[in-house]
Amino acid sequence: MRKLLVVVAICGLASSPSRSSQAQQFVQGANAASFGVAVVDISYIFKNYPPFTQAIDGLKKEMEAADGALKADRDKIVAAEEQRNALKAGTPEFKKLDESLAQQKAAFSIKQGSVRRDFLEKEAKIYFQTYDQVAAAVKSYATQNKIGMVLRFNGDAIDPTQREDVMRAIMQPIVFQNSIDITPDVLLTMGVDVRKLPAPQQAQPAAGPVAGRVQPSGSTIQR
Numbered sequence: 007m008r009k010l011l012v013v014v015a016i017c018g019l020a021s022s023p024s025r026s027s028q029a030q031q032f033v034q035g036a037n038a039a040s041f042g043v044a045v046v047d048i049s050y051i052f053k054n055y056p057p058f059t060q061a062i063d064g065l066k067k068e069m070e071a072a073d074g075a076l077k078a079d080r081d082k083i084v085a086a087e088e089q090r091n092a093l094k095a096g097t098p099e100f101k102k103l104d105e106s107l108a109q110q111k112a113a114f115s116i117k118q119g120s121v122r123r124d125f126l127e128k129e130a131k132i133y134f135q136t137y138d139q140v141a142a143a144v145k146s147y148a149t150q151n152k153i154g155m156v157l158r159f160n161g162d163a164i165d166p167t168q169r170e171d172v173m174r175a176i177m178q179p180i181v182f183q184n185s186i187d188i189t190p191d192v193l194l195t196m197g198v199d200v201r202k203l204p205a206p207q208q209a210q211p212a213a214g215p216v217a218g219r220v221q222p223s224g225s226t227i228q229r
């Protein structure tokens, strides 16, 4: 990913007078204001925006708990099937248990589908709310810095041995950008202390048809 290096004033990031002034100290987006155009890595922001990652982690825990409850229901059905199979087919007891099993399976199927839809809706809501916040932060930063257009790009390192990575690089609309990556500025605008982010991945050159990634400071997709 991008190098989160900061051109910091002598007093440091913490002593800067305002968030907007801090957001102009990243070298990745140094030319964005003068060119009037910028790029932003939405995926990187999602991965490093605590409210989003915490919400997703919480949802995963809810899903695990729901899976546990569904498993208990499945186990009951399996036990009932074993009990039915131990009976002689055609007997009243067999028919009664068989009908009960059919009802249990139908109810389980409905419950399972309902739980799945509920979590998909919750997940979609989390993604939408986060994207809405990202879009607002991008608009705010772009407006303050007189940037007329912000394009999305993916700054993940490209593995030339992985077809999906290679195709992503080829299909990406941003082929070259010269220090107009405002991703860290947007994160800072959203209240994220970028100094605490994990070390970013770096693209590794290779002999394949595609090596590297769209990087700041005038680098390109190498061939």
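Mapped onto our numbering, the consecutive letters of the sequence shown carry residue numbers 7 to 229. Note that beta-carbon positions come from the ideal geometry of N, C-alpha and C, so glycine has one too.
Helix, strand or coil for D81, going by three-state DSSP, please let me know.
helix
Let me know if V181 comes out buried or exposed under the rule of 16 or more other beta-carbons within 10 Å of its beta-carbon.
exposed
Leaving out five residues on either side along the sequence, give the residues of the same chain with a beta carbon under 7 Å from the beta carbon of I51.
V140, T189, V192, L193
Is it buried or exposed, V84, if we count other Cβ atoms within 10 angstroms and call 16 or more buried?
exposed
Using beta-carbon positions only, say whether L76 and R90 come within less than 8 Å of one another.
no
If you follow the alpha helix (DSSP H) that R174 is part of, which residue opens it and which one closes it?
169–177
From the DSSP output, in three-state form, read off V43 for me.
strand
Quick one, are the C-beta atoms of K117 and G42 less than 8 Å apart?
no
Please identify the residue among E87, E127, D73 whose C-alpha is closest to the C-alpha of K111.
E87
Mind listing, in chain order, the continuous beta strand (DSSP E) runs of no fewer than 3 residues lying wholly within the segment 99–167?
155–158
Hey, out of R122, D171, M196, whose CA is closest to A143's CA?
M196
Could you tell me the boundaries of the alpha helix (DSSP H) in which K53 lies?
48–53
Rounded separation between N184 and N37 - CA only
7 Å
Return the first residue and the last residue of the alpha helix (DSSP H) that L93 is part of.
No alpha helix (DSSP H) contains L93, which DSSP labels as neither H nor E.
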